[in-house]
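Student:
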Amino acid sequence: FRTNSLLFDPSLFGRVEALALVAIAGLLALARPRPVLLLAAAAAVPIFLGLATSYSQSSLVALCAGVSVIAFAVWRWKAVIALGAILLIVVVGALATPQGQRLLNEPAQKASSARIGLIQRSVDLFEAHPVQGSGLSAFATATDTRRAAPHNVVAGTAAELGIVGAVALIAFLLSVLWAIRNRRPDADRTTHVILAALFATILVHALAYDTFFADPAMWVIAALLAAGAGLRSEEHTSELQSRLHLVCRLL
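Quick note: the sequence shown uses this note's numbering, first residue 1, plus one each step.
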């Protein structure tokens, strides 16, 4: 039994829970101490229990990615070292258990919940139609499987939309990364960091699940990041002067 609450899929429910937990963790780590944050911390307990009972491995990994972004924003490289050590301890401890040893002996297809097979089908579709792709939402029809989905935003986009779609996806992700790195001085840092962590959560989750583009939360988060991004006027002027100087030298 896997919890899915009001949603149709436990993994989708896990994504929602992971986003809520990342937002709460960001507020606790970055926001000013307020009594309402104690309520948020208390709410995190049942939310995490909901995530745990969804048994969504992709949601747990996405949660770790979002929390890692917040930890890096607060403690920088100390957080990377600490999280790396914790991850190593958890992996070694998990593999030391009988369940972990059985997982090592299982085929990769079964251990990944059939994700590897779906990605391989996406690669095959891309090789068959590298330029135009197989068509938007045509994965199930093109692979002759019912209700199948790529379960990987990169492989799925390349398979359905070809090189053009893959380039558009990369351009979109680079634009979001630019917005994250170029926060306006008047934009709230806490909000910006939490939004960056939430986007990382959705992106990592989309590497093992669908509905990346269909999730309204992703577009709202990306739009808010763009709203808080921009160059300082003096930086913009300096950049234009540098480009004009380079053009003059070339001429």
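Every residue, glycine too, gets a C-beta built ideally from N, C-alpha and C.
Quick caveat: nothing in here was measured; it's all calculated off a predicted structure.
Can you give me the start and stop residues for the alpha helix (DSSP H) that S68 sits inside?
Tutor: Element bounds for S68: Q57 to W75.
Student: Skipping 5 residues on each side, what residues in its chain have a beta carbon closer than 8 angstroms to that of A41?
Tutor: Excluding sequence neighbours, A41 sits near I24 and L28.
Student: Which term fits E127, buried or exposed, when burial requires 16 or more other beta carbons within 10 angstroms of its beta carbon?
Tutor: Exposed.
Student: Quick check on R181: does DSSP put it in helix, strand or coil?
Tutor: Helix.
Student: Is D215 buried or exposed, if buried means 16 or more other CB atoms sit within 10 Å of its CB?
Tutor: Buried, by the Cβ-count rule.
Student: State yes or no: is the C-beta of L63 within less than 9 angstroms of the C-beta of V22?
Tutor: A contact, by the Cβ cut-off of 9 angstroms.
Student: Going along the chain, which residues of its own chain have a beta-carbon closer than 8 angstroms to the beta-carbon of L19, five neighbours each way excluded?
Tutor: G66, L198, T201, I202 and A217.
Student: Whole angstroms are fine: how far does the CA of I119 sit from the CA of V323?
Tutor: The shown model of the chain, from 1 to 251, leaves out residue 323, and the question about it has no answer.
Student: DSSP three-state call for A166: helix, strand or coil?
Tutor: Correct three-state label for A166: helix.
Student: Report the three-state DSSP secondary structure of A44 (helix, strand or coil).
Tutor: Looking at A44 - three-state DSSP - the assignment turns out to be helix.
Student: Whose C-alpha, out of V204, A208, R249 and A187, is nearest the C-alpha of G230?
Tutor: That would be A187, whose Cα lies nearest to the Cα of G230.
Student: Use the C-beta contact count for I180: other C-beta atoms within 10 angstroms, 16 or more gives buried, fewer gives exposed.
Tutor: With 16 or more Cβ atoms within 10 Å of its Cβ, I180 is classed as buried.
Student: For A229, write down the residues that DSSP places opposite it in a beta bridge.
Tutor: The partner list for A229 (beta bridge, DSSP) reads R183.
Student: So, under 8 angstroms CB-CB, A43 and L37 are touching, yes? Tell me the CB distance rounded to an integer number of Å.
Tutor: Incorrect: roughly 10 angstroms between the Cβ atoms, too far for contact.
Student: Which residues in the same chain have their Cβ closer than 6 angstroms to the Cβ of R15, if we skip the five residues on either side of it in sequence?
Tutor: Excluding residues within five positions, the ones whose Cβ falls inside 6 angstroms are S59 and H205.
Student: At the level of alpha carbons, what is the spacing between R121 and R184?
Tutor: About 42 angstroms.
Student: Please say whether A155 and G133 have beta carbons closer to each other than 9 angstroms?
Tutor: Going by C-beta atoms, G133 is not nearer than 9 angstroms to A155.
Student: Could you tell me the distance, in whole angstroms, from the CA atom of S112 to the CA atom of V167?
Tutor: Any reading at S112 needs caution, since the residue's pLDDT is 48, under 50, leaving its predicted position unreliable; the model's value is listed next. When rounded, the distance between both Cα atoms is 27 angstroms.
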